[in-house]
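Chains as they are written, first to last, in my numbering: chain A, 163 to 456; chain B, 113 to 449.
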């Protein structure tokens, strides 16, 4: 039984820890993490997002925070807040790179050390939810985060897949990983599940269909929902950068998100995927509500 | 008579310069095969310290064996991305099938994605096993002139996760290069996992002196993908890998109902073409999305053979012709069907 002293102090005021895993690359883990975070904030929760994809960190761009840097305080690294309300903060190696094109070419041990710092040396403060976005696979990053969280009793993992078999095959492996490390599976999300043609509204199953739901049934885990492809979501994310680059450095206001007045949290309410995610998030909240970490 | 032994489980490479470790490496481990192994500050107190310190350093003793195996391989092409899910494995399988269309050519496909090996499924070799003979591991042949190697063939249960740290993955990659009896190949296409980590560093380290033609980078049009591909190009430059060109995959979708065109992954920053121009690398072409590709991959059939008239097939064939020009093995016109 983990004693209170085994829990990293940085995590001691966080009520729920949820990992977003896949096994397969490119299924939308970062997009799903972003939308889960936004939905949770809309429900009134305070959310932190940790990006442990060290070689391909997508979250700074997803949240419109690419130009931000991390500040050091006496207690550790301060995560980047999306706006003055401080309802949502992000930590990613993306904020530590001098140039966005710089590659992080590290072998496993160095990646593990970084992840340890991200867990223990970040001043997360008091949060309702800490979401952890992961790279694809079952390797150093996944082993490390499982080890780092061993004494923190995480609520579990949301697994993301796309419908086709080559994706679900990798997600099966991730399910196997979760079982091996004792991580509860909160459910499966099937992403890129159908595309509605904007010209004729015909639904095309570009990446096949049904694989995620079948997988959930087969493993006896909750199926949280199917999320269709919505190009408007990508455009909304990208719009943050168009507005940011139109504002000169001197005009940037630290109290307003991105310094431009574009609030992703507000804008997301207009997105077609928002109600779909509200339902997925409600299920995650319901499952995690009963899990008390402290 | 050669004896054949079936390789049923993937074991880490235990001899040579990757020592058998008593416990997992510490966090600041300099790397078990580095010059500092056993001697760095981080090594103090590590149970492996003595093992690492006493293992001979210097040139990798396995490189000559890898050179010997690779002597018979005329062209080596790496398929890289940085970003996951852009179609590296799909493109690798198409390259394999396309090169093998010329029955005079011998083609090998090597899958270095140890956590998520997709190639056995995509190439219709799911459930196959590797056989070992006196001359080494035999590749799994999916056509007379098309052989492949993947950890997917070594798993007793395909749903089991391979939860290996980087050093162990590098060990297996070394075995793929040293122990597989590829024979004489005209083309060896190497599929990689996303990222810029152990697998990429290791394959470059092992193959560098044997001459790699270069790398094909695959991306999708949206900026979150291009961002990772920029990093991969940076990696190639740091590692001295020639970039043969960039392929933009999933570039636009044509609705099968109304033929209207849409962008699933909007190229808000100019897509692959703009990135290629910016990074001064050749742009090999754009490949549109066809929903039937997913099905072909899942059933293990060659999309190029099943749907030769698809705009996707035509785009891929054009890219492959260009690639063969770049590597000095142009398509002869009587090879085209």
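The C-beta atom is built at its ideal place from N, Cα and C for all residues, glycine as well.
Chain-ordered neighbours of residue i on chain A, where CB pairs are closer than 7 Å
i, result
"residue 369(B)", "359, 362, 364"
"residue 276(B)", "301"
"residue 307(B)", "217, 218, 297"
"residue 334(B)", "396"
"residue 372(B)", "359, 361, 362"
Residue range of the unbroken alpha helix (DSSP H) whose run includes residue i
i, result
"residue 209(B)", "200-212"
"residue 282(A)", "270-282"
"residue 345(B)", "335-351"
"residue 304(A)", "302-310"
"residue 207(A)", "Unbroken run through residue 207(A): none, as it is neither H nor E."
"residue 408(B)", "403-411"
"residue 427(A)", "426-429"
"residue 232(B)", "231-234"
"residue 418(B)", "415-418"
DSSP state of residue i mapped onto helix, strand, coil
i, result
"residue 291(B)", "coil"
"residue 410(A)", "Low confidence applies to residue 410(A): its pLDDT is 44, below 50, so where it sits in the model is not reliable enough to give any reading."
"residue 378(B)", "coil"
"residue 322(B)", "helix"
"residue 290(A)", "strand"
"residue 339(A)", "helix"
"residue 224(A)", "helix"
"residue 253(B)", "strand"
"residue 360(B)", "strand"
"residue 245(B)", "strand"
"residue 275(B)", "coil"
"residue 224(B)", "coil"
"residue 299(B)", "strand"
"residue 310(B)", "helix"
"residue 130(B)", "Its pLDDT being 37, under 50, residue 130(B) is placed unreliably by the model, and nothing is read from it."
"residue 327(B)", "strand"
"residue 212(A)", "strand"
"residue 444(B)", "coil"
"residue 168(A)", "helix"
"residue 186(B)", "strand"
Host beta strand (DSSP E) of residue i (start-end)
i, result
"residue 432(B)", "No beta strand (DSSP E) holds residue 432(B); the alpha helix (DSSP H) holding it covers 423-438."
"residue 259(B)", "258-261"
"residue 195(A)", "No beta strand (DSSP E) contains residue 195(A), which is instead part of the alpha helix (DSSP H) from 191-204."
"residue 194(B)", "Counting along the chain, residue 194(B) falls outside any beta strand (DSSP E), and DSSP gives it neither H nor E."
"residue 450(A)", "No beta strand (DSSP E) contains residue 450(A), which is instead part of the alpha helix (DSSP H) from 435-451."
"residue 383(B)", "First-last for residue 383(B): 383-391, but that is the alpha helix (DSSP H), not the beta strand (DSSP E)."
"residue 395(B)", "395-398"
"residue 181(B)", "No beta strand (DSSP E) contains residue 181(B), which is instead part of the alpha helix (DSSP H) from 175-182."
"residue 176(A)", "176-183"
"residue 318(A)", "318-323"
Beta-carbon spacing of residue i, residue j below 9 Å
i, j, result
"residue 401(B)", "residue 358(B)", "no"
"residue 318(A)", "residue 352(A)", "no"
"residue 189(A)", "residue 197(B)", "yes"
"residue 223(B)", "residue 338(A)", "no"
"residue 190(B)", "residue 353(B)", "yes"
"residue 219(B)", "residue 232(B)", "no"
"residue 240(B)", "residue 334(A)", "no"
"residue 184(B)", "residue 297(B)", "yes"
"residue 245(A)", "residue 427(A)", "yes"
"residue 376(B)", "residue 368(A)", "yes"
"residue 294(B)", "residue 284(B)", "no"
"residue 365(A)", "residue 370(B)", "no"
"residue 208(A)", "residue 249(A)", "yes"
Interface residues of chain B facing residue i [CB-CB closer than 9 Å]
i, result
"residue 326(A)", "406, 407, 409, 410"
"residue 305(A)", "136, 275, 276, 277"
"residue 231(A)", "What residue 231(A) touches in chain B: nothing, since even the nearest Cβ is about 17 Å away."
Proximal chain A residues relative to residue i, where beta-carbon distance stays under 8 Å
i, result
"residue 195(B)", "187, 188, 218"
"residue 416(B)", "Here the premise fails: no neighbours, minimum Cβ distance about 17 Å."
"residue 227(B)", "185, 298, 299, 300, 301, 332, 335"
"residue 234(B)", "328"
"residue 344(B)", "265"
"residue 281(B)", "301"
Under 9 Å from the C-beta of residue i: neighbouring residues of chain A
i, result
"residue 350(B)", "265, 267"
Beta-carbon neighbours of residue i, restricted to chain B and to distances below 7 Å
i, result
"residue 367(A)", "403"
"residue 370(A)", "406, 407, 410"
Contact list for residue i against chain B, beta-carbon separation under 8 Å
i, result
"residue 397(A)", "378, 380"
"residue 391(A)", "376"
"residue 342(A)", "273, 275"
Hey, which unbroken runs of the beta strand (DSSP E) at 3 residues or more fall wholly within the segment 226-254 of chain A? 233-235, 238-240, 250-254
Please list the segments of the alpha helix (DSSP H) lying wholly inside the segment 349-405 of chain A, counting only runs of 4 or more residues, in order along the chain. 373-381
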